[in-house]
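All letters in the sequence shown, in the order written, are residues 2 to 332 by the numbering used here. First up is the structure itself, then whatever we jot down about it.
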Amino acid sequence: MTWLITGGAGYIGAHVVRALREAGERTVVYDDLSTGIAERVPEGVRLVEGSTLDSELLHRTLTRHTVTGVIHLAAKKQVGESVEQPLHYYRENVEGLRVLLSAVTEARVPCFLFSSSAAVYGMPSDARNEPLVTEEAPCVPMSPYGETKLAGEWLVRATGKATGMSTASLRYFNVAGAASPELADVGVFNLIPMVFEKLTEGTAPRIFGNDYPTPDGTCVRDFIHVVDLAEAHVATAHRLQAARGTHLTLNIGRGEGVSVREMIERINALTGHDVTPTVTPRRPGDPARVVASAHRAADELGWKARYGVEDMISSAWEGWLRRHPGAGRGL
Ligand SMILES: NC(=O)c1ccc[n+]([C@@H]2O[C@H](COP(=O)([O-])OP(=O)(O)OC[C@H]3O[C@@H](n4cnc5c(N)ncnc54)[C@H](O)[C@@H]3O)[C@@H](O)[C@H]2O)c1
């Protein structure tokens, strides 16, 4: 098969391309390089530079490369920015997807995999009663970003049902780590790079609230290594190929919670720093605990995460040191 990877020059997309190639699949990357980096696309993989809003270029790309499956990662992903610029987010993430799906159905591409997010759940119900979030949990996104992902899932599933195309939406939890330093995430939007940034500046990382109903009072999240996530894409791609007319919605997490305080302690230990975080008041809208139930992905795909938090921190730190050589004191 030939897979078109939209957003393949991005952090996660580059790992998906790498994993598909290791599995012997042909790949073509489609990316507007708005946040992507061309150098992440490996030699031998064609990079088509364009937007998912460009229907003609999409059509030409799908037919010229005889694409038989699409993995759609291209999107804007910053929650705060989506609150300030909802129209931009709906245009890029929802209209971009609609245009792509039109081209995909016109070209009769049989398989489509969509990058969704745990942001579709919003504030999961009482974590003490339901410690793991299943795919059946109500979806009440709390930001325009989360809304675009939920609307995207609906659009993908409805199109699949109407056309017979196999579809999957993967709801990623907190993605971290890197397969190699040059593929590391360069954004500072998630906990691990945010703590690295503070360590590099020589200031204390902040904990927003230590009075949550969790064992140490700080928020608990489910962190997943990007290499595991990329392997889940390969397993899903194979599943879509084998079972035509399938429509999957799967959490991709480890099913294990790590608290913010615990994560900072582990970062300290692994990087050789010794910072004491400052505790500030809670941020509005932060749920106490969001941890995936990973059972459905295991049952449907035979996939399970292999890497732990230490692997995520140390591989992310190697990538960080490459870009901030003065930051290192350990490892
Ligand atoms: N990183 C996370 O923790 C996380 C968690 C849940 C879901 N996701 C989703 O995973 C996907 C990939 O995220 P990432 O972390 O790799 O982000 P990223 O910003 O590194 O990658 C996104 C890629 O898409 C490209 N792109 C954006 N809009 C485009 C458009 N309209 N047309 C063509 N290309 C476009 C960018 O240039 C970039 O290469 C996104 O859909 C994101 O919403 C990410």
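Heads up, the beta-carbon is just placed ideally off N, CA and C, and yes, glycines get one too.
### Message
Measuring straight from C-alpha to C-alpha, what distance separates Glu154 and Pro182?
### Response
Counting from 1 along the sequence shown, the entry for residue 154 is found at position 153. Counting from 1 along the sequence shown, the entry for residue 182 is found at position 181. Using only the alpha carbons, I get a separation of about 32 Å.
### Query
Within 7 Å: the Cβ of Leu54 and any heavy atom of ligand 1?
For the purposes of this step, residue 54 is taken as residue 53 along the sequence shown, with counting starting at 1. Correct: Leu54 has its Cβ closer than 7 Å to ligand 1.
#### Entry: Whole beta strand (DSSP E) elements within the region 91 to 172, 3-residue minimum
112 to 118
#### Entry: Exposed unless 16 or more other CB atoms sit within 10 angstroms - verdict on Thr279
Numbered from its first residue, the sequence shown carries residue 279 at position 278. It is exposed - the Cβ of Thr279 has fewer than 16 other Cβ atoms within 10 Å.
### Task
Would you please verify whether the beta carbon of Arg158 is less than 8 Å from any beta carbon of chain B?
Among the chains of the structure shown, chain B does not appear; only one protein chain is present.
### Message
Under 7 Å: does the beta carbon of Thr7 sit that close to some heavy atom of ligand 2?
### Response
In the structure on display, ligand 2 does not appear, and the ligands it does have are ligand 1.
### Query
Short check: CB of Ala163 to CB of Leu241, under 8 Å?
Along the sequence shown, one-based indexing puts residue 163 at 162. Along the sequence shown, one-based indexing puts residue 241 at 240. Contact flag unset, no.
#### Entry: Limits of the unbroken beta strand (DSSP E) element including Ala293
Locating residue 293 in the sequence shown gives position 292, where the first residue counts as 1. No beta strand (DSSP E) holds Ala293; DSSP gives it neither H nor E.
### Task
Assuming Ala177 and Ala317 form a contact by the criterion Cβ under 8 Å, report the distance between their Cβ atoms to the nearest whole angstrom.
Within the sequence shown, the letter at position 176 stands for residue 177. Within the sequence shown, the letter at position 316 stands for residue 317. About 6 Å separates the two Cβ atoms, so the contact holds.
#### Entry: Given Ser35 as reference, the closest of Leu230, Gly11 and Trp304 once Cα atoms are compared
For the purposes of this step, residue 35 is taken as the residue at position 34 of the sequence shown. Per the Cα distances, Gly11.
### Task
Would you mind giving the Cβ-Cβ distance between Gly161 and His248, rounded to the nearest angstrom? I have them listed as a contact below 8 Å.
The sequence position of residue 161 within the sequence shown is 160, counting from 1. The sequence position of residue 248 within the sequence shown is 247, counting from 1. The Cβ separation is near 5 Å, so the contact holds.
### Message
My output table needs one value for Ile268: the three-state DSSP class, helix, strand or coil.
### Response
The sequence position of residue 268 within the sequence shown is 267, counting from 1. Helix.
### Message
Counting beta carbon pairs with one atom in the region 38 to 47 and one in the region 71 to 88, are three or more of them shorter than 8 Å?
### Response
no
### Message
Considering only heavy atoms of ligand 1, does any lie closer than 7 Å to the CB of Val176?
### Response
Translated into positions along the sequence shown, residue 176 becomes position 175. Val176: yes, Cβ under 7 Å from ligand 1.
### Query
Terminal residues of the continuous alpha helix (DSSP H) containing Thr197?
Position 196 of the sequence shown, counting from 1, holds the residue named residue 197. At residue 197 the sequence reads Phe, which differs from the Thr that was named. Its alpha helix (DSSP H) spans residues Leu192 to Glu202.
### Task
Put Leu230 into one of helix, strand or coil per three-state DSSP.
By 1-based counting over the sequence shown, the position of residue 230 is 229. In the structure shown, Leu230 sits in a helix (DSSP, three-state: H, G or I).
### Straight-line gap, Arg22 to Glu232 (C-alpha atoms, nearest Å)
One-based indexing of the sequence shown puts residue 22 at position 21. One-based indexing of the sequence shown puts residue 232 at position 231. If I take the Cα positions, the gap works out to 11 Å.
### Message
Using C-beta distances below 8 Å, list every residue in its chain close to Val100, excluding the 5 sequence neighbours before and after it, in chain order.
### Response
Position 99 of the sequence shown, counted from the first residue, corresponds to residue 100. Answer for Val100: Thr53, Leu54, Asp55, Ser56 and Leu59, listed in chain order.
### Query
Which residues mark the beginning and the end of the beta strand (DSSP E) in which Trp4 is found?
Counting from one through the sequence shown, the residue named residue 4 turns up at place 3. Where Trp4 is concerned, the enclosing beta strand (DSSP E) stretches over Thr3 to Thr7.
### Query
Using CA coordinates, which residue listed in Pro216, Gly273, Gly303 and Arg245 is at the minimum distance from Ile253?
Taking the sequence shown and counting its residues from 1, the one referred to as residue 253 is at position 252. Closest by alpha carbon: Gly303.
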